[in-house]
Amino acid sequence: MQTVKDPQTLTISEPDFGRNKKRIGILGGTFNPPHLGHLIIAEQVADQLGLERVLFMPDSKPPHVDHKESISPFEREQMVELSIAGNDLFQMEKCELERGGISYTYDSIKLLQKCHPEYELYFIIGGDMVAYLPKWHKIEQLIKMVHFVGVIREGYPQKSQYPIMWVDIPLINISSTLIRQKLSQHCSIKYLVPDAVEKYIYERGLYDV
Numbered sequence: 001m002q003t004v005k006d007p008q009t010l011t012i013s014e015p016d017f018g019r020n021k022k023r024i025g026i027l028g029g030t031f032n033p034p035h036l037g038h039l040i041i042a043e044q045v046a047d048q049l050g051l052e053r054v055l056f057m058p059d060s061k062p063p064h065v066d067h068k069e070s071i072s073p074f075e076r077e078q079m080v081e082l083s084i085a086g087n088d089l090f091q092m093e094k095c096e097l098e099r100g101g102i103s104y105t106y107d108s109i110k111l112l113q114k115c116h117p118e119y120e121l122y123f124i125i126g127g128d129m130v131a132y133l134p135k136w137h138k139i140e141q142l143i144k145m146v147h148f149v150g151v152i153r154e155g156y157p158q159k160s161q162y163p164i165m166w167v168d169i170p171l172i173n174i175s176s177t178l179i180r181q182k183l184s185q186h187c188s189i190k191y192l193v194p195d196a197v198e199k200y201i202y203e204r205g206l207y208d209v
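And the structure:
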């Protein structure tokens, strides 16, 4: 059983993909918009698993999304850049934005492995997403390429047919959907997103504010 730094963590043993490599986390998503929950997850996972860096990887066009609520990839990229500024642990990864089209994680990981063979990749997903892994594009190949890290969420079981490293972090009940709803109702989003992101949203008139 592999152990990680306190606080509460539960990990499931899995194959060792490579020794003496840089342990790099990847946090993918639409980031529509990015919020403090994303930053807390990235920081906590990196700390508990001893990652050297976390790459924030905005998608271009996710396989499943409500396109009516989606804004341009450029706007989302800018907000992620604003969110991670000032934290040397965080870095932007633009491969999905630059590739365009539907963003399949398998294609992105394959490219990252080719460009950075020195990386050992840890792909971070919410506990609510674990149940959807069987539907992911080329998941059987993907599980041999990355370590999946599941962030424990209340109400979702910590089980999967695939090897998952489970990490427990403080409960952060913030979502991009919640923020968009707040904006549509002209409610405050202060302390839900970084100040720079809040300013950007209002200055650009995003989400019809």
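Everything in the sequence shown is counted per UniProt numbering, starting at 1 for the first residue and increasing by one. All C-beta atoms in this analysis are idealised placements derived from N, C-alpha and C, irrespective of residue type, glycine included.
Take the Cβ of Ser176 as the centre, count every other Cβ of all protein chains shown within 10 Å, and call the residue buried at 16 or more, exposed below. In the sequence shown, the residue the question calls residue 176 occupies position 176. Buried.
Extent of the continuous beta strand (DSSP E) to which Ile125 belongs: Position 125 of the sequence shown holds residue 125. From DSSP, the beta strand (DSSP E) with Ile125 extends over Tyr119 to Gly126.
DSSP beta-bridge partners of Gln91: Along the sequence shown, one-based indexing puts residue 91 at 91. Bridge partners of Gln91: Leu55.
Between which two residues does the beta strand (DSSP E) containing Gly37 stretch? Translated into positions along the sequence shown, residue 37 becomes position 37. Judged by DSSP secondary structure, Gly37 falls outside any beta strand (DSSP E) and instead within the alpha helix (DSSP H) spanning Leu36 to Leu49.
Whole-angstrom distance between His38 and residue 215, CA atom to CA atom: The requested residue 215 is not part of the displayed model; the chain covers only 1 to 209.
Tell me whether Lys182 sits in a helix, a strand or coil according to DSSP, three-state version. Translated into positions along the sequence shown, residue 182 becomes position 182. If DSSP states are grouped into helix, strand and coil, Lys182 belongs with the helices.
What is the rounded straight-line gap between the Cα of Lys144 and the Cα of Leu121? One-based indexing of the sequence shown puts residue 144 at position 144. One-based indexing of the sequence shown puts residue 121 at position 121. Straight-line spacing of the CA atoms in Lys144 and Leu121 works out to 11 Å.
Taking the DSSP output, what are the residues bridged to Gly25? Against the sequence shown, residue 25 aligns to sequence position 25. Paired residue(s): Val54 and Tyr122.
Going by DSSP in three states, Lys144 sits in which element: helix, strand or coil? In the sequence shown, residue 144 corresponds to position 144, counting from 1. Here Lys144 sits in coil by DSSP.
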